[in-house]
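Colleague:
In structure tokens, the structure reads:
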């Protein structure tokens, strides 16, 4: 797998991941120096913020604004009038100084003035919505064990619901919520009502400095109401009972929804068909919906090849294809400036900070997927244009390499494949400190490449007896400017190391740049 995204590493450092996710990243960090360094930076940042937490301060001209609005109280006694006026000015100046100092030194006070959605703890779309007055202060809370779970603000539009969460301790100090999903009994549920029936919805919980943001993305049409339920038996390390229900009406926000149907826009490039479906505009985010699939003539060949791989190696098609097709694109405004760019592969280029979330759902056939990218709106969303840069597709391969695992450490095995120079550097058994854990066989492989036009996919390991072993893989990348990286393969079931083994590459993902950029108006 690729390295985890930065937000996942941040959540790992904050202990906000599920036990399974935490374990997966913990294993990855043991072999990835880059990600380990990033996590260490996050932890150092936490320590620094605990000591000197900075928050948006009041504007520089705040003092003059206060003084301009002060008027002296009318009195007949001129001498006394001057004295009172001086006292009022001094008092106002003292209050102003106290406010400025408090807002500077206390993040909580600054955020009481503005709230989480006006800070950099959330994406730019929520910032803009807050400035436009779409946020509502609700102050819903529940307390137990001298801890208060509080929903401070809510922002709702046709694309998503966003809540700001706080925890207030026994001293009245606001601390960041720490909700451990792995604790049995800690449950968060979201249900939607579309006028006919209720259905379960997903959610996203992100950690901030002293807030958490809780978001629900609206996918189905006709949604009228959403109910969010928190049932927590542990909060910030304390045992207790925190039950909170937040009902959110969606119906009143339909008037701010705008969408453009793109169904007629279809293109096929290098065997990949792209069908643009719709773009939806909302105050906090825009959503582009489209589908990708193999071209009909290529679909049959791909299905037959994957069927043969399945029969030979016993791997399910979903393990081999993993969506199968995808695209790289960007969106321009009417001045032809790029406002958003997307690639499903983080090794291709850094993830655009305008992307809020990207998701894909398989549609039944191999390689057919429905995609949705949610991104920050442009200040002027009129006359946007979709521009296709290229396509990715998973293809079956027929490549294998033999090696002696007992000798590769002293005599590494190097081979070339599709523009990549690959070196098998190590292959050895690793025993766990816990004797009940299985012995792991690990292979380390360095990959040098000049471009990212091809990425390795699924590998299997074959020993000299003819047995095949599934491999879990992890990737350690170098600097973003180059494409060199190290692959680590791990498997269990081997008690002894044979003198000969072979690695079999079953699939690869190839990138094809579009010769003529396909441009589609999104208006």
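In this note's numbering, the protein residues as written are 62 to 584. Backbone N, C-alpha and C fix where the C-beta goes; we use that ideal spot for every residue, glycine too. This one's a predicted model, so the numbers in the text were calculated from it and none came from an experiment.
Assign residue 566 to one of three DSSP states: helix, strand, or coil.
Modeller: Here residue 566 sits in strand by DSSP.
Colleague: Here's the rule I'm using: 16 or more other beta-carbon atoms within 10 Å means buried, otherwise exposed. How should residue 283 be labelled?
Modeller: Flag for residue 283 reads exposed.
Colleague: Is it right to say residue 116 is buried, meaning 16 or more other beta carbons lie within 10 angstroms of its own, or is it exposed?
Modeller: With a pLDDT of only 44 at residue 116, under 50, the local geometry of the prediction cannot be trusted, and no value is derived from it.
Colleague: Exposed or buried, what is residue 192 when buried is set at 16 or more other beta-carbons lying within 10 Å of its beta-carbon?
Modeller: Residue 192 comes out exposed.
Colleague: Helix or strand or just coil, what does DSSP make of residue 443?
Modeller: Residue state, collapsed to three classes: coil.
Colleague: What residue does the alpha helix (DSSP H) around residue 185 start on, and which one ends it?
Modeller: 185 to 192 is the extent of the alpha helix (DSSP H) around residue 185.
Colleague: With three or more C-beta pairs closer than 8 Å as the rule, is the segment 488 to 500 touching the segment 438 to 453?
Modeller: Touching, no, given that fewer than three Cβ pairs across the two stretches are closer than 8 Å.
Colleague: Got a sec? Which residues, its chain only, sit under 6 Å from residue 389 by beta carbon, not counting five neighbours each side?
Modeller: The answer, listed in chain order, is 404, 450, 451.
Colleague: Would the segment 552 to 559 and the segment 519 to 535 be scored as touching if the rule is three or more Cβ pairs under 8 Å?
Modeller: Result yes; three or more Cβ-Cβ pairs closer than 8 Å.
Colleague: Would you call residue 430 buried or exposed, if buried means 16 or more other Cβ atoms sit within 10 Å of its Cβ?
Modeller: Classification of residue 430: buried, given that the 10 Å Cβ count is 16 or more.
Colleague: Candidates 188, 579, 571: which alpha carbon is nearest residue 393's?
Modeller: Residue 393 has its Cα closest to that of 579, out of 188, 579, 571.
Colleague: Using the Cα positions of residue 184 and residue 270, report the straight-line distance between them to the nearest angstrom.
Modeller: Cα to Cα, the separation comes out at about 14 Å.
Colleague: Measure the alpha-carbon distance for residue 201 versus residue 213 and round it to whole angstroms.
Modeller: Spanning the two alpha carbons is a distance of roughly 7 Å.
Colleague: Do you know how far the Cα of residue 297 is from the Cα of residue 149?
Modeller: Note that residue 149 scores 32 on pLDDT, short of 50, meaning its location in the model is unreliable and no value can be drawn from it.
Colleague: Can you tell me where the alpha helix (DSSP H) holding residue 71 begins and where it ends?
Modeller: Counting along the chain, the alpha helix (DSSP H) containing residue 71 begins and ends at 67 to 74.
Colleague: Please classify residue 343 as buried or exposed, where buried requires at least 16 neighbouring CB atoms within 10 angstroms.
Modeller: Classification of residue 343: buried, given that the 10 Å Cβ count is 16 or more.
Colleague: Is it the case that the Cβ atoms of residue 199 and residue 304 are separated by a distance below 8 Å?
Modeller: Contact flag unset, no.
Colleague: So if DSSP puts residue 580 in a beta bridge, which residue, or which two residues, is it bridged to?
Modeller: DSSP output for residue 580 lists 448 as bridge partner(s).
Colleague: So, for residue 352: in the same chain, excluding its five sequence neighbours on each side, which residues have a beta-carbon less than 6 Å away from its beta-carbon?
Modeller: Same-chain partners within the cutoff: 336, 431.
Colleague: Just to confirm the assignment: which complete alpha helix (DSSP H) runs, minimum length 4, are found wholly within the segment 212 to 278?
Modeller: Runs found: none.
Colleague: Indicate the three-state DSSP secondary structure (helix, strand or coil) for residue 593 in the structure shown.
Modeller: Since the first residue of the chain shown is 62 and the last is 584, residue 593 is not available in this structure.
Colleague: What residue range does the alpha helix (DSSP H) around residue 366 cover?
Modeller: 357 to 374 is the extent of the alpha helix (DSSP H) around residue 366.
Colleague: In three-state DSSP terms, what is residue 419?
Modeller: DSSP places residue 419 in strand when its eight states are reduced to three.
Colleague: Taking 8 Å as the cut-off, decide whether the C-beta atoms of residue 515 and residue 547 are in contact.
Modeller: No, they are not a contact pair.
Colleague: Quick check: the segment 356 to 367 against the segment 229 to 240, are there 3 or more CB pairs under 8 Å?
Modeller: Flag = no, the segment 356 to 367 and the segment 229 to 240 do not touch.
Colleague: Excluding five sequence neighbours on each side, which residues of the same chain lie with their C-beta closer than 8 Å to the C-beta of residue 424?
Modeller: Same-chain partners within the cutoff: 352, 354, 430, 431.
Colleague: Could you check how far apart the C-beta atoms of residue 293 and residue 240 are, in whole angstroms? I think they sit under 8 Å.
Modeller: Rounded, the Cβ-Cβ distance is 7 Å, consistent with contact.
Colleague: In three-state DSSP terms, what is residue 532?
Modeller: The answer is coil: DSSP assigns residue 532 none of H, G, I, E or B.
Colleague: Does the beta-carbon distance from residue 533 to residue 519 come in below 8 Å?
Modeller: No; because the gap between Cβ atoms is not below 8 Å, this pair is not in contact.
Colleague: With the cut-off set at 8 Å, would you say residue 427 and residue 464 are in Cβ contact?
Modeller: Not a contact, by the Cβ cut-off of 8 Å.
Colleague: Residues in its own chain within less than 6 Å of residue 176 by CB, not counting five upstream and five downstream?
Modeller: If we look at residue 176 and ignore the five residues flanking it on each side, its Cβ neighbours are 214.
Colleague: Assuming residue 207 is part of the beta strand (DSSP E), what are its boundary residues?
Modeller: Counting along the chain, residue 207 falls outside any beta strand (DSSP E), and DSSP gives it neither H nor E.
Colleague: Curious, which full-length beta strand (DSSP E) runs of at least 3 residues does the segment 454 to 517 contain?
Modeller: Counting whole runs of 3 or more residues, the segment 454 to 517 contains the beta strand (DSSP E) stretches 474 to 478, 481 to 491, 501 to 510, 515 to 517.
Colleague: Judging by CA-CA distance, which residue of 584, 372, 65, 563 is the nearest neighbour of residue 461?
Modeller: Out of 584, 372, 65, 563, 563 has the C-alpha closest to the C-alpha of residue 461.
Colleague: Whole angstroms is fine: what's the gap from residue 373's alpha carbon to residue 528's?
Modeller: Between residue 373 and residue 528, the C-alpha separation is close to 11 Å.
Colleague: Going by the DSSP bridge assignment, what does residue 343 pair with across the sheet?
Modeller: Paired residues: none, contrary to the question.
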